Amino acid sequence: MTAELEPTKKSLVAVLQFTATADKARNLQQCGDLILAAKQLGAKMVFLPEGFDYVSETSEQSMQLSESLTGPTITAYRNMAKEHSLWLSLGGFHLKDEKEKRTHNSHILLNSSGDIVANYRKTHLFAVNIPGKVTLDENAFCIPGSAISLPVPTPFGKIALMCCYDLRFSELASILTRQGAEILTYPSAFTSTTGVAHWEILLRARAIENQCYVVAAAQCGSHNSKRTSFGHAMIVDPWGAVIANCLEESGVAVAEIDLEKLLQVRLNMPVQSHRRHDLYRLNAAPVALPDFTAETHNFGGHIISRNEIFYETRLTLALVNLKPIVPGHSLVIPKRCVQKFVDLTEEEVADLFHVVQKVEAMLEQRYQVNSSMLTIQDGVDAGQTVKHLHVHLVPRRPNDFAKDEVYRELDRHDKDNRKARLPEDMAAEAREYRKLMYGDALHWTFDC
Ligand code: AMP
Numbered sequence: 001m002t003a004e005l006e007p008t009k010k011s012l013v014a015v016l017q018f019t020a021t022a023d024k025a026r027n028l029q030q031c032g033d034l035i036l037a038a039k040q041l042g043a044k045m046v047f048l049p050e051g052f053d054y055v056s057e058t059s060e061q062s063m064q065l066s067e068s069l070t071g072p073t074i075t076a077y078r079n080m081a082k083e084h085s086l087w088l089s090l091g092g093f094h095l096k097d098e099k100e101k102r103t104h105n106s107h108i109l110l111n112s113s114g115d116i117v118a119n120y121r122k123t124h125l126f127a128v129n130i131p132g133k134v135t136l137d138e139n140a141f142c143i144p145g146s147a148i149s150l151p152v153p154t155p156f157g158k159i160a161l162m163c164c165y166d167l168r169f170s171e172l173a174s175i176l177t178r179q180g181a182e183i184l185t186y187p188s189a190f191t192s193t194t195g196v197a198h199w200e201i202l203l204r205a206r207a208i209e210n211q212c213y214v215v216a217a218a219q220c221g222s223h224n225s226k227r228t229s230f231g232h233a234m235i236v237d238p239w240g241a242v243i244a245n246c247l248e249e250s251g252v253a254v255a256e257i258d259l260e261k262l263l264q265v266r267l268n269m270p271v272q273s274h275r276r277h278d279l280y281r282l283n284a285a286p287v288a289l290p291d292f293t294a295e296t297h298n299f300g301g302h303i304i305s306r307n308e309i310f311y312e313t314r315l316t317l318a319l320v321n322l323k324p325i326v327p328g329h330s331l332v333i334p335k336r337c338v339q340k341f342v343d344l345t346e347e348e349v350a351d352l353f354h355v356v357q358k359v360e361a362m363l364e365q366r367y368q369v370n371s372s373m374l375t376i377q378d379g380v381d382a383g384q385t386v387k388h389l390h391v392h393l394v395p396r397r398p399n400d401f402a403k404d405e406v407y408r409e410l411d412r413h414d415k416d417n418r419k420a421r422l423p424e425d426m427a428a429e430a431r432e433y434r435k436l437m438y439g440d441a442l443h444w445t446f447d448c
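In the UniProt record's numbering, the protein residues as written are 1 to 448.
Put into structure tokens, the structure is as follows:
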């Protein structure tokens, strides 16, 4: 964890509320002014609502106004984040997908250097028909996201990215809380009808049941002749109290995120540990294809380039080895840095071993063997040198090691002074394995 990500116990953050229209330049100007106002109030992070880039009148107009992540809108916000040294949550950016002719409703997180650190694509799309009041089907112009984003470590706490209608699916918030979330975010454009009836109740319920801060930026007022939003951007504390509220007008409201207070609420009433996992499950579905978006990963303090990763799920990574004891010796690790096997959640254990199965099958095929050694050196006294749980996968050949010699070799291979492999050799091996794991389904470009 870098110094910047060491969470401070108390930080001011701001929720932003305004009325977006189809005029992108005007929206950008208004949000820019409000971001500045939030900074002047002392906020270190500002949360923008869904559709902060625009709210269009038709699906065709939405497609036409949409942009890529390198387009002028995200570039302008990246510059703003850097210039003001602020973290920004950009809820509900319309990310263009030329092929599909629809957009991805993307919740993007920028750090204070202006880097994109996460991009969650809204998974639950809003479709409602209350005759005479509101009719809206987001599927007409939006592609549903296919993955949950792991909570993102920030200086203010671990932030779970969600978006608007996701608020009605309490499982999502519970799973993200189980994965470490401290701040649940719901950038929204809630319709007025549903907002009056449900908005505050749902936000407070998510805060209370998960003992998390809830930050919900919002659209307000009339966007066009067809659409009006409820407003009431708010921040709720882990006890369920509303600690910031924008009511109906454009503006910002700030509140303190206090991680000590959050901990106290959780200690006083340890609801999460009272869950009956023996009776029901809280599991996220595994992801079919990875994002491979992170440039680097942490392996117990070692920085692993994504070029060395050849398989990725939401919770697990497979990587080639710096000092293999035999060709093909690979590692499977949880994304979360824990030292011991016992520290993994049920879900991480299951996912880790699913990946071990897949990688073992690939390696045996690749090296034309029918045996493998799967080993965890679970703690220093068992030979562990990198304090981040990892499974060694070693393809075995007939008579490759004298009796038990393989265990001695495994014990000394990264403690003696043998030479580490070159990054380009590791990247070439990972490239070959990626092809074997995914075939042509993976079109992400590596080595860039
Ligand atoms: P252990 O002795 O069980 O802790 O094993 C640590 C493993 O991590 C050894 O197989 C090392 O070769 C491997 N390793 C250490 N650093 C890296 C790295 N930067 N990239 C890939 N593998 C690494």
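For glycine and all other residues, C-beta sits at the position ideal for the given N, C-alpha and C.
Quick caveat: nothing in here was measured; it's all calculated off a predicted structure.
Q. Which residues does DSSP pair with Val55 in a beta bridge?
A. Here residue 55 corresponds to residue number 55 of the sequence shown, with the count starting at 1. The partner list for Val55 (beta bridge, DSSP) is empty, contrary to what the question assumes.
Q.
One question on the structure: do Thr8 and Pro144 come within less than 8 Å of each other, judged by their Cβ atoms?
A. Within the sequence shown, residue 8 is the residue found at index 8, counting from 1. Within the sequence shown, residue 144 is the residue found at index 144, counting from 1. No, the pair does not count as a contact, with Cβ atoms beyond the cut-off.
Q | Whole-Å CB distance - residue 487 paired with Lys358, under 8 Å assumed | A | Examination of residue 487 is not possible in this model, given that the chain is present from 1 through 448 alone.
Q) Can you list, in chain order, the residues of its chain whose CB lies under 6 Å from that of residue 477, leaving out five sequence neighbours each side? A) In the structure as shown, the chain starts at 1 and stops at 448, and residue 477 therefore has no counterpart that could be examined.
Q) Three-state secondary structure (DSSP) at residue 450? A) Residue numbering for the chain in the displayed model covers 1 to 448; residue 450 lies beyond these limits and cannot be assessed.
Q | With 16 other Cβ atoms within 10 Å as the buried cut-off, status of Met269 | A | Reading the sequence shown from its first residue, position 269 is the one you call residue 269. Met269 should be labelled exposed.
Q. How about Lys323: is its Cβ closer than 7 Å to a heavy atom in the ligand AMP?
A. Position 323 of the sequence shown, counted from the start, is the residue given in the question as residue 323. Yes, the ligand AMP has a heavy atom inside 7 Å of this Cβ.
Q. In terms of residues, what are the limits of the beta strand (DSSP E) holding Met45?
A. Position 45 of the sequence shown, counted from the start, is the residue given in the question as residue 45. Per DSSP, Met45 belongs to the beta strand (DSSP E) from 45-48.
Q) At a cut-off of 7 Å, is Gly383 close to the ligand AMP when judged by its beta-carbon and the heavy atoms of the ligand? A) Locating residue 383 in the sequence shown gives position 383, counting from the first residue. Under cutoff, so the answer is yes.
(Q) Per the DSSP calculation, Met373 is bridged to which residue(s)? (A) Here residue 373 refers to the residue found at position 373 of the sequence shown. Beta-bridge pairing links Met373 to Val394.
(Q) By alpha-carbon positions, which one of Leu247, Ser174, Lys387 ends up nearest to Tyr213? (A) Counting from one through the sequence shown, the residue named residue 213 turns up at place 213. Comparing Cα-Cα distances from Tyr213 to each of Leu247, Ser174, Lys387, the minimum goes to Ser174.
Q | Enclosing alpha helix (DSSP H) for Ile35 [first to last residue] | A | The residue given as residue 35 occupies position 35 in the sequence shown. Residues 24-40.
Q: Starting from the C-beta of Gly114, find all residues in its chain whose C-beta is less than 6 Å away, skip the five residues before and the five after it, and write them out in chain order.
A: On the sequence shown, residue 114 is found 114 positions in, with the first residue counted as 1. Listed in chain order, the non-local C-beta contacts of Gly114 below 6 Å within the same chain comprise Arg78, Ala81, Lys82, local neighbours out to five positions each way being set aside.
Q: Check whether the Cβ of Glu308 sits closer than 7 Å to any heavy atom of the ligand AMP, and report yes or no.
A: In the sequence shown, residue 308 corresponds to position 308, counting from 1. Checking every heavy atom of the ligand AMP against the Cβ of Glu308, one is found closer than 7 Å.
Q. How about Asp33: is its Cβ closer than 7 Å to a heavy atom in the ligand AMP?
A. In the sequence shown, residue 33 corresponds to position 33, counting from 1. Asp33 Cβ: outside cutoff for every heavy atom of the ligand AMP.
(Q) Contact between the stretch 41-56 and the stretch 212-231 is defined here as three or more beta-carbon pairs at a separation below 8 Å; is this criterion met? (A) Yes: the two stretches touch, three or more of their Cβ pairs being nearer than 8 Å.
Q. So the alpha helix (DSSP H) Met162 belongs to, where does it begin and stop?
A. The count along the sequence shown starts at 1 and reaches residue 162 at position 162. For Met162, there is no enclosing alpha helix (DSSP H), as DSSP marks it with neither H nor E.
Q. Helix, strand or coil for Arg121 per DSSP?
A. Position 121 of the sequence shown, counted from the start, is the residue given in the question as residue 121. Arg121: strand per DSSP, three-state reduction.
**Q.** Collapsed DSSP secondary structure at Ile130 in the structure displayed
**A.** Taking the sequence shown and counting its residues from 1, the one referred to as residue 130 is at position 130. Note: Ile130 maps to strand in three-state DSSP.
Q) What residue range is occupied by the uninterrupted alpha helix (DSSP H) comprising Glu405? A) Taking the sequence shown and counting its residues from 1, one reaches residue 405 at position 405. Looking at the DSSP string, the run of the alpha helix (DSSP H) that includes Glu405 is 405-412.
Q. With DSSP run on the structure shown, which of helix, strand or coil describes Thr8?
A. Reading the sequence shown from its first residue, position 8 is the one you call residue 8. Correct three-state label for Thr8: coil.
(Q) So, with DSSP's three-state summary, where would you put Lys323? (A) The residue labelled residue 323 in the question sits at position 323 within the sequence shown. Reduced to three states, the DSSP call for Lys323 is coil.
Q. Going by other Cβ atoms of all chains shown within 10 Å of its Cβ, with 16 needed for buried, is Ala38 buried or exposed?
A. The residue labelled residue 38 in the question sits at position 38 within the sequence shown. Looking at its Cβ environment, which holds 16 or more other Cβ atoms inside 10 Å, Ala38 is buried.
Q: Report yes if the C-beta of Asp414 is less than 7 Å from at least one heavy atom of the ligand AMP; otherwise report no.
A: The residue you call residue 414 lines up with position 414 of the sequence shown. Indeed, a heavy atom of the ligand AMP lies less than 7 Å from the Cβ.
Q. Curious, which full-length beta strand (DSSP E) runs of at least 3 residues does the stretch 180-241 contain?
A. Taking only runs of at least 3 residues, the beta strand (DSSP E) segments lying wholly in the stretch 180-241 are 183-185, 213-216, 218-222, 228-230, 234-236.
Q: Express the C-alpha separation of Val342 and residue 454 in angstroms, rounding to a whole number.
A: In the structure displayed, the chain extends from 1 to 448; residue 454 sits before or after that span and is not available.
Q | Buried/exposed call for Lys323, threshold 16 Cβ in 10 Å | A | Stepping through the sequence shown from its first residue, residue 323 is reached at position 323. Classification of Lys323: exposed, given that the 10 Å Cβ count is below 16.
Q: Could you check the C-alpha separation between Lys122 and Phe299 for me, to the nearest Å?
A: Indexing the sequence shown from 1 puts residue 122 at position 122. Indexing the sequence shown from 1 puts residue 299 at position 299. Rounded to the nearest angstrom, the two C-alpha atoms are 29 Å apart.
Q. In the structure shown, what three-state DSSP assignment does Asn268 receive?
A. Locating residue 268 in the sequence shown gives position 268, where the first residue counts as 1. If DSSP states are grouped into helix, strand and coil, Asn268 belongs with the helices.
Q) Quick one: is Glu248 buried, meaning 16 or more other Cβ sit within 10 Å of its Cβ, or exposed? A) In the sequence shown, the residue the question calls residue 248 occupies position 248. Result: exposed.
Q: Output the distance between the C-alpha atoms of residue 506 and Glu360, rounded to the nearest integer angstrom.
A: Past the edges of the chain, shown from 1 to 448, lies residue 506, and the structure says nothing about it.
Q) Cβ of Thr345 within 8 Å of Cβ of Arg178? A) By one-based count along the sequence shown, residue 345 stands at place 345. By one-based count along the sequence shown, residue 178 stands at place 178. Result yes, Cβ atoms of Thr345 and Arg178 sit closer than 8 Å.
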